[in-house]
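> Chains as they are written, first to last, in the working numbering: chain A, 9 to 188; chain B, 179 to 343.
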């Protein structure tokens with residue numbers, strides 16, 4: 009009888025311990041979840057980093073910093089000139105022709121600067137011609153050009169196409185200048 | 179076996195028909211553009227984001243365009259107040275003829291001039307007229323090549339469903 013009871017107890021102990029062991033194997037602990045969560049987080053971060061690197065790489069490849077030239081349009085006051093469009097010709101080839109809507113012209117009048125074109129140019133001398141079209145004083149059709157010869161060195165270059173008011177002459181003035 | 183072949187044939191026909199009807203632009207972001215309009219203003223598509231926009235490419239030498247434009251104008255007048263815009267893009271070399279035709283037809287929607295054909299290239303316009311419907315998010319949803327009487331019913335349904343989105 010006692011032998012039987014002993015056998016039962018041993019069997020029960022075995023079953024329990026086996027159950028407990030099985031539980032340990034199947035259910036991952038909180039620690040496991042935490043590390044899995046960390047893995048997912050770090051993976052997400054890596055994807056974001058990779059995405060950023062790819063974006064920068066693409067930009068560098070398309071517009072390498074050394075040959076990059078960016079053209080900006082700005083309008084100072086703009087009382088004597090209502091901007092309609094700007095066209096840019098580099099070394100005899102038209103590269104941009106941008107039409108400004110009323111909203112865009114208004115944004116320029118409020119101090120906004122518009123990047124109208126981005127190009128890749130070799131080092132050396134280049135000529136840029138900008139033609140500004142719009143309404144001048146007394147709402148007359150107005151078309152003016154401005155030219156700049158510039159030397160493209162190593163490194164990115166920024167060129168500003170500036171429209172300002174000449175109060176003395178009551179006329180707009182168009183200047184192309186390089187940013188240092 | 180016969181039924182199987184019939185179903186297969188039917189499926190192939192349906193697929194061929196849908197691939198012919200749909201343009202590769204459908205589902206894509208509508209390419210942005212700015213053009214001079216008949217009122218002298220420059221209009222840019224992206225400034226209409228939030229509205230349903232119909233872009234109708236037309237020419238003075240195109241007969242169906244002449245038929246279609248007054249119907250489109252009716253649609254424009256009816257739904258303009260609820261966020262529907264219609265931009266007629268004329269592709270003639272000489273905008274004066276287009277202005278003349280607008281006056282003759284008495285249409286009120288804004289007409290833009292694409293004399294350099296840059297915008298029609300962007301939208302792969304290879305038929306006349308071509309009508310493109312852009313949703314509030316700026317995505318091309320429907321492209322219709324040509325015009326046949328009855329198309330205006332289709333436009334009406336599509337405009338109404340896009341306005342409801």
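Backbone N, C-alpha and C define an ideal beta-carbon position, used for all residues, glycine too. None of the values given here were measured: they were computed from a predicted structure.
For residue 90/A and chain B, any beta-carbon pair shorter than 9 Å?
Judged by the 9 Å Cβ criterion, residue 90/A is not in contact with chain B.
> Is DSSP giving residue 53/A helix, strand or coil here?
The answer is helix: DSSP assigns residue 53/A an H, G or I state.
> Report the partner residues of residue 325/B according to the DSSP bridge assignment.
DSSP lists no partner for residue 325/B.
> Spatial neighbours of residue 143/A within its chain, please: CB distance less than 8 Å, with the 5 preceding and 5 following residues excluded, ordered by chain position.
89, 90, 92, 149 and 150.
> With DSSP as the reference, please indicate the residues paired to residue 317/B in a beta bridge.
Partner(s): 207/B.
> For a contact meaning CB atoms closer than 7 Å, what does residue 212/B contact in chain A?
Within chain A, the residues near residue 212/B are 107 and 109.
> Taking C-alpha atoms, which residue in 137/A, 78/A, 172/A and 171/A lies nearest to residue 155/A?
Closest by alpha carbon: 137/A.
> Taking C-alpha atoms, which residue in 57/A, 104/A, 42/A and 171/A lies nearest to residue 124/A?
When only C-alpha atoms are compared, the closest one is 104/A.
> Do three or more CB pairs link the stretch 238 to 251 of chain B to the stretch 271 to 287 of chain B at distances below 8 Å?
Verdict: yes, contact present.
> Which two residues bound the contiguous beta strand (DSSP E) that contains residue 1/A?
Not covered by the structure: residue 1/A. The range shown for chain A is 9 to 188.
> Please list, in chain order, the residues of the stretch 203 to 227 of chain B that have any C-beta partner in chain A closer than 8 Å.
Residues 212, 213, 214, 219, 220, 221, 222 and 225.
> Can you find a CB in chain B that lies within less than 9 Å of the CB of residue 50/A?
No, no contact with chain B.
> Would you say residue 95/A lies against chain B (beta-carbon separation less than 9 Å)?
No, residue 95/A lies away from the interface with chain B (no Cβ there is under 9 Å from its Cβ).
> Taking contact to mean 3 or more Cβ pairs, one atom from each stretch, closer than 8 Å, check whether the stretch 296 to 311 of chain B and the stretch 324 to 336 of chain B are in contact.
With the cut-off at 8 Å, the stretch 296 to 311 of chain B and the stretch 324 to 336 of chain B touch.
> Out of curiosity, what's the CA-to-CA distance linking residue 199/B and residue 320/B?
Confidence at residue 199/B is low in this model, with a pLDDT of 47, below 50, so its placement is unreliable and the value that follows should be read with caution. Distance between the alpha carbons of residue 199/B and residue 320/B: 10 Å.
> Check whether the Cβ atoms of residue 126/A and residue 63/A sit closer than 9 Å, and answer yes or no.
The answer is no: Cβ separation not under 9 Å.
> Use the C-beta contact count for residue 121/A: other C-beta atoms within 10 angstroms, 16 or more gives buried, fewer gives exposed.
Answer is exposed; the Cβ neighbour count stays below 16.
> When burial is assigned at 16 or more other CB atoms within 10 Å of the CB, is residue 127/B buried or exposed?
In this structure chain B extends from 179 to 343, so residue 127/B is not present and cannot be described.
> Give the range of the beta strand (DSSP E) segment to which residue 180/A is assigned.
Start and end: 179 to 187.
> Using the three-state DSSP reduction, which class does residue 158/A fall into: helix, strand or coil?
Three-state DSSP puts residue 158/A in a strand.
> Across the stretch 262 to 281 of chain B and the stretch 166 to 175 of chain A, are there enough close Cβ pairs to call them in contact, namely three or more that are closer than 8 Å?
Flag = no, the stretch 262 to 281 of chain B and the stretch 166 to 175 of chain A do not touch.
> Pop quiz: residue 177/A and residue 77/A are said to be a contact at Cβ under 8 Å. What is the actual Cβ separation, rounded to whole angstroms?
No, residue 177/A and residue 77/A are not in contact; Cβ-Cβ is about 31 Å, not under 8 Å.
> Nearest-angstrom Cα distance between residue 141/A and residue 227/B?
Going from the Cα of residue 141/A to the Cα of residue 227/B covers about 27 Å.
> Let me make sure I understand the geometry here. Which of 243/B, 217/B and 318/B has the alpha-carbon closest to that of residue 210/B?
The shortest Cα separation from residue 210/B among 243/B, 217/B and 318/B belongs to 318/B.
> Quick one: what's got a C-beta closer than 7 Å to residue 83/A's C-beta in the same chain, skipping five residues either side?
Answer for residue 83/A: 91, 116, 117 and 171, listed in chain order.
> With DSSP run on the structure shown, which of helix, strand or coil describes residue 150/A?
Strand at residue 150/A.
> Any idea what DSSP makes of residue 59/A, helix, strand or coil?
Correct three-state label for residue 59/A: helix.
> How would you write the range of the alpha helix (DSSP H) that residue 283/B sits in, first residue to last?
Its alpha helix (DSSP H) spans residues 273 to 283.
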